[in-house]
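**Student:** With the numbering used here as the guide, the letters of the sequence shown map in order to residues 2 to 421.
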Amino acid sequence: MTAQILVVDDEPDVESLISFKFRREIRQEKYAFSFASNGAEAYEKVVAAATNEADIDLVMTDLNMPVMDGLELLSQLNALTQTPRTVVVSAYSDMDNIRAAMNRGAFDFLTKPLNFQDLVVTLEKTLAAVEADRQQRLQLKQTQMQLMQSDKMSSLGQMMASVAHEINNPVNFLVGNLEPAKEYIHDLLRLTALYRDHVAEPSPAIESCIQEIDLDFLRADLPRLFTSLEMGTLLIRELSLSLRNFSRVDAAQKQVVDIHEGIKSTQVILNSRLKAKQERPAIELIRDYGELPEVSCYPGQLNQVVMNLLANAIDAIEEQTQGRTYEEIEASPNTIRICTEVINDDWVRIAIADNGPGMTEDTLAKLFEPFFTTKPIGKGTGLGLAISQQIIVEKHGGRLFCESTLGEGTRFMIELPVDA
C-alpha cells in the first residue's frame, strides 16, 4: 500500500527537493507526496482526503509559516475524528515551539537543515506506527462486528426460542384434544348409523335436518377433515422444532450432531422465500445428500452460516429475475442445489450452489472483507460472509470458499473436520 505523505512548508524549493530525493520510492509507489504552503491549505487537503476515503497517513509540517502556522495546524488536526500522525520540522534553536508541538500530539520532530538520513528513518518509524494504528482500528472494527453480530444472533435465538415455546403450547393442546375428539365423532357417527338402521321412518323434522346437513357427505368427510387437522398440527410442530433446533444456544463445548438436521431446520425457516411469487415461479431446492457421519461442531453457529449462504443465494436469484417475464423464468427454472459429501475420509463438505447471475473476479476477491456488500443500501451490512468465514475457519478449523462465473451462478463450499 502506498503511504500518503503531506509536506507542509512555505519554502518554494522543498517540493522539488523532496521529489528528487525520494524519486525511487515514488516510482516504486512506496510513497506518494502532496504539498501545501501553509497550515490552512494543509488542513483543507486533510479534510478533503478524509471525505473521499483516501486518508493522509503522515503530515510533515514546518512550524513557522504564514496564514496558519504549524502549531495551529496541529490543534486543528487534533479536532478531527481521525488525526493523522505528524512530524514537525523547525530550526534547532526553536526548541520551545518543538516542545509545544510534541505536547499537542506531534509524533516526532526533525531539525533544519534537514538531514535526509534522519528524514528516511523518521518517515519509516512514523509510517510503521501508522500501520500499527491501522491494524488496531481494523481489529477493533472486527471485534465490534463480532459483538454486534453475536448480540444480534443471541437476540434472534431468544426470540425464536420464545416463539417456538409459544407455538408449542397451543399445538400440544390441539394434539392432546384431537384424539378424544376423533373418538367422540366416531361414536356420534356410529349412533347415527344405528338410528338409521333401526328407525325406518324418522319424523319429517329429522328427515329435513338430514337433507339439510347432507348427512351422508358429512359422515364421509369428517374422517378426512380430522386427517387434515392432524397433518396441520404436525407441520406446526415441525416448524416449532426447526425454530428450536436453529436457535439453540451453543454449549461451551462442541456438540456431535447430524448436519442434515441443521440444514433441514434452516430450510424450513426460509421456505416462504422459496415459494412462487407474483413476479417469479418457485425456486427449486435440490438436495443431493451423501452419507455423512455426525460432526463435532457448534450447531447454532453452523446453522447461522448455512442460513446466510442460502439467503444470499435466494437474493442473487431474485436479483436475476428483475426485468424478466414469468414465462422466461419458467423456461429456465431457478434452482439452489445443496450437496453434502465426505472428503479425505475425515472431513465433510457442504456445497450450496445457485444458478443466479454470478460474480465478477473483482467482487469475488473482496467477498469476505468486512463491510463489503454488493446489495443496495438498507439490504445488506457486508458482515454476513466475513462472520461466516470466522465461524468456519476460527471456531471450527474448517474452510469456506467460493467459486463463481459471471452469468452462470455461484457455489459456496463449507469444509469441516469431522472431529475437530
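Where a beta carbon is used, it is the ideal one built from N, C-alpha and C, also for glycine.
Roughly how many angstroms lie between the CA atoms of G359 and M414, to the nearest whole one?
**Tutor:** If you take the alpha carbons of G359 and M414, they lie about 15 Å apart.
**Student:** In whole angstroms, what is the alpha-carbon distance linking G379 and A317?
**Tutor:** Confidence at G379 is low in this model, with a pLDDT of 49, below 50, so its placement is unreliable and no value can be given for it.
**Student:** If we require 3 or more residues per run, which beta strand (DSSP E) segments fall completely within the region 60-113?
**Tutor:** DSSP runs (the beta strand (DSSP E)) wholly in the region 60-113: 86-92 and 109-113.
**Student:** Could you check if G263 is buried or exposed, using at least 16 other CB atoms within 10 Å of its CB as the buried criterion?
**Tutor:** The residue is buried, with at least 16 neighbouring Cβ atoms inside 10 Å.
**Student:** Give me whichever residues DSSP pairs with T411 in a beta bridge.
**Tutor:** In DSSP, T411 forms a bridge with D355 and S405.
**Student:** Quick one: Cα of S324 to Cα of L226, how far?
**Tutor:** Going by the sequence as given, residue 324 is Gly instead of Ser. C-alpha separation (whole angstroms): 43 Å.
**Student:** When we look at the beta-carbon of L23 and count the other beta-carbons within 10 Å, is it buried (16 or more) or exposed?
**Tutor:** Note on identity: in this sequence residue 23 is Phe, with Leu being the wrong assignment. That one is buried.
**Student:** May I have the straight-line CA-CA distance separating K183 from E395, to the nearest angstrom?
**Tutor:** For K183 and E395, the distance between alpha carbons rounds to 54 Å.
**Student:** Does the Cβ of R191 have 16 or more other Cβ atoms within 10 Å, making it buried, or fewer, making it exposed?
**Tutor:** Burial call: exposed.
**Student:** Distance check for G106 and D95, CA to CA, integer angstroms please.
**Tutor:** Answer to the nearest angstrom: the Cα atoms are 17 Å apart.
**Student:** On the three-pair Cβ rule with 8 Å, is the region 201-216 touching the region 127-137?
**Tutor:** Short answer: they don't touch.
**Student:** Name the DSSP beta bridge partners of S266, please?
**Tutor:** None, per the DSSP bridge assignment.
**Student:** Excluding the five sequence neighbours on either side, which residues of its own chain have a C-beta within less than 7 Å of the C-beta of A43, listed in chain order?
**Tutor:** Hits under 7 Å: L7, V9, A37, V60, T62 and L74.
**Student:** For F36, name the three-state secondary structure that DSSP assigns.
**Tutor:** Strand.
**Student:** For S297, tell me which candidate among M66, N169 and D420 has the shortest Cα-Cα distance.
**Tutor:** It is D420 whose Cα lies nearest to the Cα of S297.
**Student:** Have a look at G410 and K276 and give me their C-alpha separation to the nearest angstrom.
**Tutor:** One C-alpha to the other measures close to 20 Å.
**Student:** For Q321, which three-state DSSP category applies?
**Tutor:** If DSSP states are grouped into helix, strand and coil, Q321 belongs with the helices.
**Student:** Expressed to the nearest angstrom, what Euclidean distance is found between the alpha-carbon atoms of I315 and R274?
**Tutor:** Spanning the two alpha carbons is a distance of roughly 8 Å.
**Student:** Indicate the three-state DSSP secondary structure (helix, strand or coil) for S389 in the structure shown.
**Tutor:** Helix at S389.
**Student:** Please say whether V257 and L293 have beta carbons closer to each other than 7 Å?
**Tutor:** Their beta carbons are not under 7 Å apart, which means L293 does not touch V257 by this criterion.
**Student:** Between N309 and the rest of its own chain, which residues show a CB-CB distance below 6 Å, the 5 nearest in sequence each way excluded?
**Tutor:** Counting only Cβ-Cβ distances below 6 Å, and skipping sequence neighbours, we find G385 and S389.
**Student:** With distances taken Cα to Cα, identify the nearest neighbour of L219 among P85, L189, K113 and A283.
**Tutor:** Checked all of P85, L189, K113 and A283; the closest Cα to L219 is L189.
**Student:** Taking the alpha carbon of V68 as the reference point, which residue from A354, N178 and D11 has its own alpha carbon closest?
**Tutor:** Per the Cα distances, D11.
**Student:** From which residue to which residue does the alpha helix (DSSP H) around I211 run?
**Tutor:** It spans P205 to I214 - the alpha helix (DSSP H) in which I211 sits, taken as one unbroken run.
**Student:** What does the alpha-carbon distance come out to for the pair K126 and S35?
**Tutor:** Rounded to the nearest angstrom, the two C-alpha atoms are 19 Å apart.
**Student:** Measure from the alpha carbon of N56 to the alpha carbon of each residue in E45, I168, N65 and R197, then state which is nearest.
**Tutor:** Strictly speaking, residue 56 in this sequence is Asp, with Asn absent from that position. For D56, the nearest C-alpha among the options comes from E45.
**Student:** From the DSSP secondary-structure annotation, give me the bridge partner or partners of R24.
**Tutor:** None; R24 has no bridge partner.
**Student:** How would you label N39, buried or exposed, when you count the other beta carbons within 10 angstroms and need 16 or more for buried?
**Tutor:** It counts as buried.
**Student:** Which of the three DSSP states is assigned to Q279 in this structure?
**Tutor:** It is coil, neither helix nor strand.
**Student:** Y290 lies in the beta strand (DSSP E); which residues open and close that run?
**Tutor:** Counting along the chain, the beta strand (DSSP E) containing Y290 begins and ends at E285 to Y290.
**Student:** What three-state label does DSSP hand D11 in the structure shown?
**Tutor:** In this structure, D11 counts as coil in the three-state DSSP scheme.
**Student:** Assuming I237 contacts I168 under a Cβ cut-off of 8 Å, what Cβ separation, rounded to an integer in Å, is found between them?
**Tutor:** Contact holds; Cβ gap of about 6 Å.
**Student:** Return the residue from the list N345, A312 and R281 that minimises the CA-CA distance to T326.
**Tutor:** Ranking N345, A312 and R281 by Cα distance to T326 puts R281 first.
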